[in-house]
Structure formats: structure tokens, C-alpha cells
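Asks: Just dropping this structure here.
In this note's numbering, the protein residues as written are 25 to 228.
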């Protein structure tokens, strides 16, 4: 007795008409994959390059602005603290400025008969003991910031809290933006910015 087995066509085959061979058919669930062409890659790279070129100057300008405001805020706080320190300790206090080809600096020190000029290397050459130096801030030329004043130093009187002389301390960035701290003879400090101006600050 001979057994016969009936083979059912699988999902990849469809019975063909008489006289024709059956051909495999891809299942409906299989989706076709499409590759990315070289032209498409180049287009994406070009768009990214344009976006980067547009955003880079804005980012650099933002960093420049933040650095300037940060240093200006520190300098303003130092000037305010200088006056408070002179009155609270009943000692004359002074802020002196220095600059050379490699940068600029300022030093806060007790008022003595000698001066305390500073250098961009961070050295302070006081005529008296180094213990008179309370704080030194150095801005290298590579930082993109420069501090300068129209006077060599400003002295704060311990009894009246007045300044001798009054002066203007300028903090300038590489982009040309500038913030100024104006110290009047009463020892008070106001901040302003000359044209083109720094957003958020009054014009000088």
C-alpha cells in the first residue's frame, strides 16, 4: 500500500497556473529598505555647516559678554568692599592699577607711604611688607579683557569713606565693549557703559 502526502504551499509560494512554474513572492510584512545617496549626505553636511557658521559668532559674542560682566561685577564688588573695609578697620585702603604688554592688573592694599604696583605676571612690588596686600587680580592679554584707570591708584579715607582722587576704572573686552566704574570723591561707585553699550547697563 502506497501512502500519498499532500504538501500545502507555504506563505512564500502561490500555486501557478498549469504549464507555469511557481515563483516566490515576498511576504507583505517585509518592507523595502532605501539607502542614503551621496548627494543627500552632502546636502545634510552643507546645511549643518551653514547653521554652525551662523551660530558660532553668536556663541562667541555671548561668551565675551558673560566674561566682561563677570569681571566687572567682581571689580565693582571690590571697590565697594574697599570702602567698607577702610571704615570698619579705621585704616586707609587703596586700589592700584598696572599694565604691560602681557596684560593688566589691580591690587587692593593697605594705604602706606609706598606704592604697590602690580604686573601681568601676578607680582606685586610693594615698597613695604607684602602683608599690606589684600587682593591681586591679573587679566592676561590672552583673556580678552583689560582693566585700566585714569589714575594710578585710589585711596579711601578711613574716617569719612571718601576717595582721593575720584577716578574712572574701565574694563574692556576684545570685542570693544566696555563697562566703567566711576568712583566719585564721596567714595560711591556707579556703573555705566559707553557706546555701543552693554545691554542691561546705563550709557555713560
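The C-beta atom is built at its ideal place from N, Cα and C for all residues, glycine as well.
Bear in mind that the values here come from a model prediction, so they are computed numbers and not experimental data.
Is it right to say residue 74 is buried, meaning 16 or more other beta carbons lie within 10 angstroms of its own, or is it exposed?
Replies: Looking at its Cβ environment, which holds fewer than 16 other Cβ atoms inside 10 Å, residue 74 is exposed.
Asks: Can you tell which of 99, 166, 169 and 66 has the C-alpha that lies nearest to the C-alpha of residue 159?
Replies: Cα-wise, what sits closest to residue 159 is 99.
Asks: Here's a check: name, in chain order, each residue in its chain whose Cβ is nearer than 6 Å to the Cβ of residue 208, leaving out the five neighbours to either side.
Replies: Hits under 6 Å: 190.
Asks: For the structure I just gave you, are there three or more beta carbon pairs, one from the stretch 113-120 and one from the stretch 209-224, closer than 8 Å?
Replies: Judged by Cβ distances under 8 Å, the stretch 113-120 makes no contact with the stretch 209-224, as fewer than three pairs qualify.
Asks: Counting pairs of Cβ atoms below 8 Å between the stretch 92-111 and the stretch 192-205, do you hit three or more?
Replies: A contact exists between the stretch 92-111 and the stretch 192-205.
Asks: Alpha carbon to alpha carbon, how far is residue 166 from residue 180?
Replies: When rounded, the distance between both Cα atoms is 32 Å.
Asks: Within the same chain, show all residues whose beta-carbon is closer than 8 Å to that of residue 216, passing over the 5 residues directly before and after it, in chain order.
Replies: 203, 204, 206, 225, 226, 227 and 228, listed in sequence order.
Asks: Could you spell out where the beta strand (DSSP E) holding residue 178 opens and where it closes?
Replies: Run containing residue 178: 177-180, per the beta strand (DSSP E) assignment.
Asks: If I'm right that residue 156 touches residue 126 with Cβ under 8 Å, what's the distance once you round it to whole angstroms?
Replies: Going by Cβ atoms, the distance from residue 156 to residue 126 rounds to 24 Å, so no, they are not a contact pair.
Asks: What are the start and end residues of each continuous beta strand (DSSP E) run of 3 or more residues lying completely inside the stretch 72-117, in chain order?
Replies: You should have found no qualifying run.
Asks: Answer yes or no: do residue 149 and residue 168 have a C-beta to C-beta separation smaller than 8 Å?
Replies: In this structure, residue 168 does not lie closer than 8 Å to residue 149 by Cβ.
Asks: What's the gap between the Cα of residue 124 and the Cα of residue 201?
Replies: Distance between the alpha carbons of residue 124 and residue 201 is about 21 Å.
Asks: Pull up the DSSP beta-bridge partners for residue 187, would you.
Replies: Answer is 180, bridged to residue 187.
Asks: Exposed or buried, what is residue 108 when buried is set at 16 or more other beta-carbons lying within 10 Å of its beta-carbon?
Replies: Exposed: under 16 other Cβ atoms inside 10 Å.
Asks: Can you tell me whether residue 69 is buried or exposed, with buried defined as 16 or more other CB within 10 angstroms of its CB?
Replies: It counts as exposed.
Asks: Would DSSP call residue 69 helix, strand or coil?
Replies: Residue 69: helix per DSSP, three-state reduction.
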